[in-house]
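Before any comments, here is the structure.
There are 2 protein chains.
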Amino acid sequence: MSKSQITNTGQVTEIFKALSNPNRLRIFLTLVSAWHMNSGCISDQELAYYVGDLCECVEVSPSTVSHHLRELSHAGLIKMERCGQRICCSVNSETVAALSEFLTCLQRK
Amino acid sequence: MSKSQITNTGQVTEIFKALSNPNRLRIFLTLVSAWHMNSGCISDQELAYYVGDLCECVEVSPSTVSHHLRELSHAGLIKMERCGQRICCSVNSETVAALSEFLTCLQRK
DNA sequence: GTATTATTTCGATATATGTCGAAATCTCAA
DNA sequence: TTGAGATTTCGACATATATCGAAATAATAC
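Line by line, the protein sequences give chains A and B.
Going by the numbering used here, the first sequence opens with residue 1, and the numbers climb by one from there.
Going by the numbering used here, the second sequence opens with residue 1001, and the numbers climb by one from there.
Right under this line is the structure:
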């Protein structure tokens, strides 16, 4: 719940770049929808997607999805956590909030 | 002042792609700052930048700036209008508002 | 008209990106 | 410890992008 800020434009560029590929955006929006479904739950981790499930959703090979997930993760847009054999992917709410605020600030009062 | 909506993800991808290059983002943010300065004026056109001035701001060749401006324009992020010999560039407020709203909607209630 | 200024288009080039399949790595279960 | 499943890493390749300078175009001034 702490408020993270976007401090430099390089960070913004990286976030926009991460969301500028159609498949990567689809992956991200899939995770966002899972996150929304989960609005009553306690943990952010609930209703996260496994990497393999995301491959099926977007119909892209595991190696490519892995690459896209790394980009999203480096941009701070998602979190990845090992759960046994698999890896849980979920939205990083802080970055989404920071990005949303950045764009709100762009607007004229 | 009318409220434009972002209807498909292809549109979102295009907007993010337009903002995913460092120089293109700098050009856009330069126009945004001009737009902010102008908050008391009547016309959106006031305090717009000419193409040549943008070239100086970002220290990139005219041909490259022209290319970036076309991308920003195609994404709907800026408006370009001929003013005599030169061309006036300014923020397209509707798209910025729509993008801002899109990102606000991504957030969990 | 011709010259000047502003911008775009064109062609070239270097670099970055998206994609896949194969091989490697990691985790768990038997 | 060996095997199976999940994911990543590693080439390889095709396509896209960023960039420039030169040439073309557009608008104005003379």
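Cβ coordinates follow ideal geometry from the N, Cα and C atoms, glycine included.
Since the model is a prediction, treat every value here as computed from it, not as a measurement.
- Task: Establish whether the CB of B:R1070 and some CB of chain A are separated by less than 9 Å.
- Result: no
- Compute the Euclidean distance between the alpha carbons of A:L111 and B:T1013, then round it to the nearest angstrom. One cannot answer for residue 111 of chain A here, as it falls past the ends of chain A, which runs 1 to 109.
- Task: Could you have a look at B:S1004 and say whether DSSP puts it in helix, strand or coil?
- Result: coil
- Query: In whole angstroms, what separates the C-alpha of B:S1100 from that of B:T1064?
  - Reply: 28 Å
- Message: Which residue marks the beginning of the beta strand (DSSP E) containing B:E1081, and which one marks its end?
- Response: That run of the beta strand (DSSP E) goes I1078 to C1083.
- Can you name the residues of chain B whose CB is closer than 7 Å to the CB of A:I11? According to the sequence shown, residue 11 of chain A is Gln rather than Ile. Contact annotation for A:Q11 against chain B: no contact, minimum CB-CB distance about 11 Å [criterion: below 7 Å].
- Query: How many angstroms separate the CA atom of A:V91 from the CA atom of A:V32?
  - Reply: 6 Å
- Could you pull the start and end residues of the alpha helix (DSSP H) that A:R24 belongs to? Where A:R24 is concerned, the enclosing alpha helix (DSSP H) stretches over P22 to M37.
- Item | Beta-carbon neighbours of A:V65, restricted to chain B and to distances below 8 Å | What A:V65 touches in chain B: nothing, since even the nearest Cβ is about 17 Å away.
- Task: Consult DSSP for B:V1117 and reduce its assignment to one of helix, strand or coil.
- Result: For chain B, the structure presents residues 1001 to 1109; residue 1117 of chain B sits outside this window and is missing.
- Message: Under 8 Å, with one C-beta from each stretch per pair, do the segment 1046-1054 of chain B and the segment 1074-1094 of chain B reach the 3-pair mark?
- Response: A contact is defined here as three or more CB-CB pairs under 8 Å, and the segment 1046-1054 of chain B meets this definition with respect to the segment 1074-1094 of chain B.
- Task: List the endpoints of the continuous alpha helix (DSSP H) containing B:E1059.
- Result: First-last for B:E1059: undefined, no H or E at that position.
- Interfacial residues, the segment 1084-1108 of chain B to chain A, with Cβ spacing under 8 Å: S1093, V1096, A1097, L1099, S1100, L1103, T1104, L1106, Q1107 and R1108
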